[in-house]
Amino acid sequence: AQSVTQPDIHITVSEGASLELRCNYSYGATPYLFWYVQSPGQGLQLLLKYFSGDTLVQGIKGFEAEFKRSQSSFNLRKPSVHWSDAAEYFCAVGGGTGKLIFGQGTTLQVKP
Amino acid sequence: DTAVSQTPKYLVTQMGNDKSIKCEQNLGHDTMYWYKQDSKKFLKIMFSYNNKELIINETVPNRFSPKSPDKAHLNLHINSLELGDSAVYFCASSQEEGAAGANVLTFGAGSRLTVL
Chain A
133 AQSVTQPDIH
143 ITVSEGASLE
153 LRCNYSYGAT
163 PYLFWYVQSP
173 GQGLQLLLKY
183 FSGDTLVQGI
193 KGFEAEFKRS
203 QSSFNLRKPS
213 VHWSDAAEYF
223 CAVGGGTGKL
233 IFGQGTTLQV
243 KP
Chain B
10 DTAVSQTPKY
20 LVTQMGNDKS
30 IKCEQNLGHD
40 TMYWYKQDSK
50 KFLKIMFSYN
60 NKELIINETV
70 PNRFSPKSPD
80 KAHLNLHINS
90 LELGDSAVYF
100 CASSQEEGAA
110 GANVLTFGAG
120 SRLTVL
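Chains A and B, in that order, are what the protein sequence lines are. For the first sequence, position 94 matches number 226 in my numbering, and the numbering has no gaps at all. For the second sequence, position 4 matches number 13 in my numbering, and the numbering has no gaps at all.
Encoded structure:
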């Protein structure tokens with residue numbers, strides 16, 4: 133079955149601290165992987181994507197993610213979190229058709 | 010200039026009513042989608058259209074009827090609304106990127122539907 137698991141429902145980090153959000157997927161074919169961010173009352177904004185090639189991908193707002201095929205993971209990282217990063221983060225996998233399977237999301241809270 | 014715009018942003022209505030949500034994209038994309046986000050923030054695809062043609066139709070009740078008058082517009086009409094239809098509905102459009110031509114979605118801000 134195709135699925136995405138984000139094990140952490142809620143994460144709190146201090147401003148300036150590093151961040152890692154976990155994502156594991158189950159997908160039968162070559163996965164296309166995405167991270168989206170949703171701020172309160174807003175739509176989803178694409179942070180980064182992985183199709184092929186270099187397994188470490190850079191995105192907007194200083195985020196990066198690493199694809200590890202052996203672990204079926206695509207974890208999102210940021211070296212230093214800003215208060216404005218507080219939001220809901222969604223990992224998603226798709227086969228390229230636009231039909232995305234989303235994880236349940238991780239709520240990030242940033243302490244001053 | 011909003012890339013994917015949806016109206017209305019909020020919609021409160023009674024059970025049994027019929028309502029529509031409109032979506033327009035100015036990105037020149039060929040493919041548009043409707044996704045539903047439930048109260049637990051779980052997102053799931055409902056439909057996709059490519060150049061006015063229905064491509065994806067997930068097991069959605071036939072009370073939901075998408076309509077695409079042209080490739081820049083995809084509207085969602087819902088008949089006989091039920092309490093369980095309360096959700097945030099997101100429109101999206103996509104273009105193909107990369108050597109494999111994978112679709113990358115751009116989402117609208119969402120339309121929050123509350124059924125009383």
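Glycine residues also receive a C-beta, built at the ideal position from the N, C-alpha and C atoms. Note that this is a predicted model, so its numbers are computed, not measured.
- Query: Going straight from the alpha carbon of residue 201/A to that of residue 222/A, what length do you get?
  - Reply: 19 Å
- Cβ-based burial, residue 19/B [other Cβ within 10 Å; buried from 16]: exposed
- For residue 192/A, name the three-state secondary structure that DSSP assigns. helix
- Message: Using the three-state DSSP reduction, which class does residue 14/B fall into: helix, strand or coil?
- Response: strand
- Item | Separation of residue 122/B from residue 73/B, as counted between CA atoms | 13 Å
- Query: Relative to the C-alpha of residue 183/A, which residue among 174/A, 167/A, 194/A is closest?
  - Reply: Closest option to residue 183/A, Cα to Cα, is 167/A.
- Return the bridge partner residues of residue 181/A from the DSSP annotation. 166/A
- Task: For residue 41/B, write down the residues that DSSP places opposite it in a beta bridge.
- Result: 58/B, 102/B
- Item | Which listed residue (147/A, 228/A, 157/A) has its alpha carbon closest to that of residue 205/A | 157/A
- Hey, how far is the Cα of residue 217/A from the Cα of residue 236/A? Distance between the alpha carbons of residue 217/A and residue 236/A: 18 Å.
- Message: Judging by CA-CA distance, which residue of 105/B, 33/B, 52/B, 49/B is the nearest neighbour of residue 76/B?
- Response: 33/B
- Message: Do residue 116/B and residue 176/A count as a contact pair if the criterion is CB distance below 7 Å?
- Response: yes
- Coarse secondary structure for residue 237/A, derived from DSSP in three states: Per DSSP, reduced to three states, the secondary structure at residue 237/A is coil, with no helix or strand assignment.
- Message: Quick check on residue 140/A: does DSSP put it in helix, strand or coil?
- Response: Coil.
- Kindly give me the distance between the Cβ atoms of residue 125/A and residue 180/A, rounded to whole angstroms, as I take these residues to be in contact under 8 Å. As displayed, chain A neither begins before 133 nor continues past 244, which places residue 125/A out of reach and without an answer.
- Identify the contact partners of residue 97/A in chain B, using a Cβ-Cβ distance below 7 Å as the criterion. The structure shown does not extend to residue 97/A, since chain A is modelled only from 133 through 244, so no value can be given for it.
- Message: Buried or exposed, going by whether 16 or more other CB atoms sit within 10 Å of the CB of residue 43/B?
- Response: buried
- For chain A, is any of its Cβ atoms less than 7 Å away from the one on residue 80/B? no
- Enumerate in chain order the residues of its own chain whose CB-to-CB distance from residue 11/B is below 6 Å, with the five nearest sequence positions on each side excluded. Within the same chain, no Cβ atom closer than 6 Å to the Cβ of residue 11/B is found once the five residues on either side in sequence are excluded.
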